[in-house]
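Down below is the structure, laid out as structure tokens.
And the structure:
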């Protein structure tokens, strides 16, 4: 049970930090030159950065950035990719042919590379990061949904629904979608991990949120210049980022084992 | 077999055409006028128009696309808006550094992943198994823009064994390649483990053991070659992630490759160079995947040439 509750607890904390950043009286952008580069101590657990800003406050604000981006990217990806994938798998023939071509081309790109180029061309800003990551990310969900629907669309209950005159929309939403949620949920978990890393990566490159707004990625970038004198500037946001990503990956692993109970290897 | 190769090359070409067009249209659909970037917003209208005519930007989009494609077919990528140099020269200048880094990273990934995967699969559910897979999970979750600075801190600043950045000296490649290779090693190790576990359950391995072969002999000679086939395909696909990650890693280490060229071009809003760098990296990826597929088909005689 540890495999479920520890990652879940970490991800919940992440969400609470993200929501809390809008409620708590934080001062992530307040510059205090008397506190420059002070390390963790008894009065402030996480210390201060190169402008004397509280790292704890910036960390919590950064959680909000990554939470917002990860959730939007995954939700939009599922919405666009899932819908297109299900429709393509269900209708087959020429719709499917075009769809498969598009997916093949999208997959011919190194995903992160395209996201970096798009975010760079669009200019900095969190909406642009979401846009770039959705453009790259929907393909995975679409391919997954299509594959699942292809395997399911000749199932008895689908044929029965067709015989009763159900509309394609009804069949796709009521008879196919509920059956493919399990693999999609697993994909969502890994998708969240990927989106967090991608957002932080873009912010690290200066293509994400703009200063003085905080992102874990931009905190790492700003901190690298002071690494020798104040390694905590790099260590703290990086460790936080890694723990959250690890939790999302672990949850995905757990879900995969848990939802795949029918696999014969597991029964042995 | 030649039929299969031709078919595969054809589909790679179609993919390439799609990639080029997609990048072209995405870059051109983005709001903002490249003329503003080049001349500044205060430029005279007459100057702007003459430059627009000169660059062919007044033409309809599909004509611009056609002109771009014909130019590309002549290996003409255009000129950098920033330095005015031919982009092809810039690409050729930066290409060797990226290849150097990527190949070293792949080598490091294989060196790390092979023993880990082997150990995990042959001693399933042991401490070695959990240790290797725990490492793999860490490797997958550690972002390279954090791992890079950490390696610099330890390997360059504290120990002083490696240069902090740049490409001077034979050992400069170690830290960036390690950064880039770790994530790949993690995924490879997991794949090698599951593939090897599957192979170890096969009948022919039971036969090999039954006829008295040593366990090392069975694993290395009989199991490993079969288990590594699916890993090969993954290696090709993972290279895409590696090339994308190379952009960040090159930035961290100021490694003068295509990725750094792209980031510099983004900062200077030099869109033709961004476009060309994306194309160049994507082309490398497509070619590597083509070669992987061909290699796979050549290594596994069971593949049906007519209908693979």
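Protein chains in written order, with our numbering: chain A, 1 to 268; chain B, 1001 to 1308. Think of the CB as a built atom: it goes at the ideal place given N, C-alpha and C, for glycine as much as any other residue.
A residue is called buried once 16 or more other Cβ atoms fall within 10 Å of its Cβ, and residue 1285(B) is buried on that count.
Residue 54(A) places its beta carbon 7 angstroms or farther from that of residue 21(A).
The residue from 1288(B), 1272(B), 1283(B) with its alpha-carbon nearest to that of residue 1234(B) is 1288(B).
In this structure, the CA atom of residue 128(A) is about 21 angstroms from the CA atom of residue 1276(B).
Close CB contacts of residue 40(A) within its chain, under the 7 angstroms cut and outside five residues either way in sequence, are with 46, 47, 232 (chain order).
DSSP places residue 2(A) in the uninterrupted alpha helix (DSSP H) bounded by 2–20. The C-alpha of residue 1153(B) lies about 48 angstroms from the C-alpha of residue 1048(B).
The beta carbon of residue 117(A) sits closer than 7 angstroms to some beta carbon of chain B. At a cut-off of 7 angstroms between beta carbons, residue 242(A) contacts chain B. Here residue 155(A) is exposed, its C-beta having fewer than 16 other C-beta atoms within 10 Å.
For the segment 1222–1249 of chain B, the set of residues with a beta-carbon nearer than 7 angstroms to any beta-carbon of chain A comprises 1240, 1241, 1243, 1244, 1245, 1247, 1248, in chain order. Going by beta carbons, residue 1192(B) and residue 1136(B) fall outside the 7 angstroms limit.
Under the Cβ criterion (8 angstroms, minimum of three pairs), the segment 84–95 of chain A does not count as touching the segment 1216–1234 of chain B. In the three-state scheme derived from DSSP, where H, G and I count as helix and E and B as strand, residue 1025(B) is classed as helix. Distance from the CA of residue 1005(B) to the CA of residue 1294(B), rounded to the nearest whole angstrom, comes to 7 angstroms.
In this structure, 120(A) is the residue among 120(A), 199(A), 158(A), 5(A) with its C-alpha nearest to the C-alpha of residue 1026(B). At a cut-off of 7 angstroms, the C-beta of residue 1145(B) has a neighbouring C-beta in chain A.
With a 10 Å radius around the Cβ and a threshold of 16 neighbouring Cβ atoms, residue 170(A) comes out exposed.
Taking the Cβ atoms as the reference, residue 1199(B) lies roughly 11 angstroms from residue 1208(B), outside the contact range of under 8 angstroms.
A straight-line Cα-Cα distance of about 10 angstroms links residue 6(A) and residue 248(A).
Residue environment analysis places residue 1204(B) among the exposed positions, since fewer than 16 neighbouring C-beta atoms fall within 10 angstroms of its C-beta. The C-alpha of residue 76(A) is placed about 13 angstroms away from the C-alpha of residue 85(A).
Put simply, the CB of residue 1087(B) is far from chain A, with every gap to its CB atoms at 7 angstroms or more.
Its Cα nearest to that of residue 1176(B), the residue 1107(B) stands out among 1107(B), 1023(B), 1126(B). For the set 71(A), 166(A), 240(A), 202(A), the Cα lying nearest the Cα of residue 116(A) is the one of 202(A). Look at the beta carbons and you see the segment 1049–1056 of chain B not touching the segment 1238–1246 of chain B: under three pairs across the two are nearer than 8 angstroms. Per DSSP, the unbroken alpha helix (DSSP H) holding residue 258(A) starts and ends at 232–259. Within the DSSP bridge table, the entry for residue 1053(B) names no partner.
Distance from the CA atom of residue 204(A) to the CA atom of residue 1146(B), rounded to whole angstroms, is 9 angstroms. Restricting attention to alpha helix (DSSP H) runs no shorter than 4 residues, the segment 50–81 of chain A encloses them at 55–77, ordered along the chain. Fully enclosed alpha helix (DSSP H) runs of no fewer than 4 residues occupy 1203–1210 of the segment 1187–1229 of chain B, in order along the chain. By the Cβ-count criterion, residue 1262(B) is buried, with 16 or more other Cβ atoms from all chains shown falling within 10 Å of its own Cβ.
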